[in-house]
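One structure is given here, and the rest of the page talks about it.
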Amino acid sequence: MSSKNKKYKQPPKETTIENFYDLKTKEMDELVAALKGETPEDAPLPSTNIAEVTAEKPEEGAAKTKKKKSAEFDPYKRDKFSRWLPFWLKALLIKFWFFGLVCYFVLMGLGTYITNSLDLFVVCGLVTGVVVDCFVNPIFRMMESDRKEYNYFMMFPFPFKKVWTFFANLAYYLVVMSCLGLLFGLLFEVVEFSGVEPLGFGLACLVVDMALIGIKDLIVFLVKRAVRKSREKKAAESV
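In full-length UniProt numbering, the protein residues as written are 1 to 239.
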């Protein structure tokens with residue numbers, strides 16, 4: 001019993017700088033003396049290898065450096081969410097969600113105050129233009145890479161700081177709402193239903209929007225091809 005008490009009453013081993021940091025003090029003293037100019041001429045040169053001075057193996061230091069770099073945040077690294085969800089699906093989902101949000105707050109929220117359907121669609125078109133220019137397009141700009149892949153989902157793929165794009169989006173989504181009004185009018189004649197809900201409105205608005213953007217992209221492609229051919233023809237004639 002007494003031996004056990006003696007065992008537990010032993011004072012803890014004093015921790016010194018040598019065993020705490022596991023330094024080789026001899027090499028450190030030689031390095032300090034060399035810096036002060038106190039080293040004899042026949043003394044060997046002190047080691048400048050950090051691994052020898054700190055008693056750390058090179059592979060351990062490399063492993064620590066690699067672990068530290070892997071723990072750092074890389075803003076350009078693609079996350080797992082971006083790997084299995086393509087950019088075009090993200091663009092469609094973002095637009096669909098915002099179109100449904102406009103329907104919920106404008107068509108359903110202001111429908112009790114604005115009884116005229118034409119006035120309601122005009123207000124909805126203006127609000128949609130503001131939402132797209134101030135929220136949707138800036139989100140696309142933040143998500144895009146150097147390939148500018150989200151330009152295919154914008155009617156006016158220009159920097160959102162441009163003032164004229166704001167008014168252009170207002171006018172464009174008034175046209176979109178006009179097409180939606182005609183589409184819903186034909187649909188209500190075929191189907192006995194006279195209401196609009198966010199999911200259906202968001203899907204219909206997305207279809208009309210992407211159809212008009214596709215027509216615009218086709219026109220731009222044809223114009224660019226015609227201009228390129230005319231330049232090639234002029235270059236061939238000049239030669």
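Glycine residues also receive a C-beta, built at the ideal position from the N, C-alpha and C atoms.
Distance from the CA of R228 to the CA of V191, rounded to the nearest whole angstrom, comes to 48 Å. In this structure, C179 sits away from V132, with a CB-CB distance that is not shorter than 9 Å. Between the alpha carbons of Y150 and A235 lies a gap of roughly 34 Å. Look at L120 here: in three-state DSSP terms it is helix. For the pair F156 and T165, the CB atoms are nearer than the 9 Å cut-off. Judged by their CB atoms, G111 and M177 are not nearer to each other than the 9 Å cut-off.
Ranking L118, V175, F193, K233 by CA distance to the CA of G129 puts V175 first. Around the beta-carbon of C134, fewer than 16 other beta-carbon atoms lie within 10 Å, marking it exposed.
L174 sits in a helix when the DSSP states are folded into three classes. A Cβ-Cβ distance of about 17 Å is found for the pair C205 and F140, leaving them out of contact under the 8 Å criterion. V191 carries a coil assignment under DSSP once its states are collapsed to helix, strand and coil. Its chain contains no residue whose beta carbon lies nearer than 7 Å to that of R225 once the 5 sequence neighbours on both sides are disregarded. Look at D146 here: in three-state DSSP terms it is coil, with no helix or strand label. In this structure, DSSP gives K162 a state outside helix and strand, which the three-state scheme calls coil. Going by beta carbons, V136 and L120 fall outside the 9 Å limit. For P198, the three-state secondary structure derived from DSSP is helix. Taking every protein chain shown into account, the CB of N169 has 16 or more other CB atoms within 10 angstroms, so this residue is buried.
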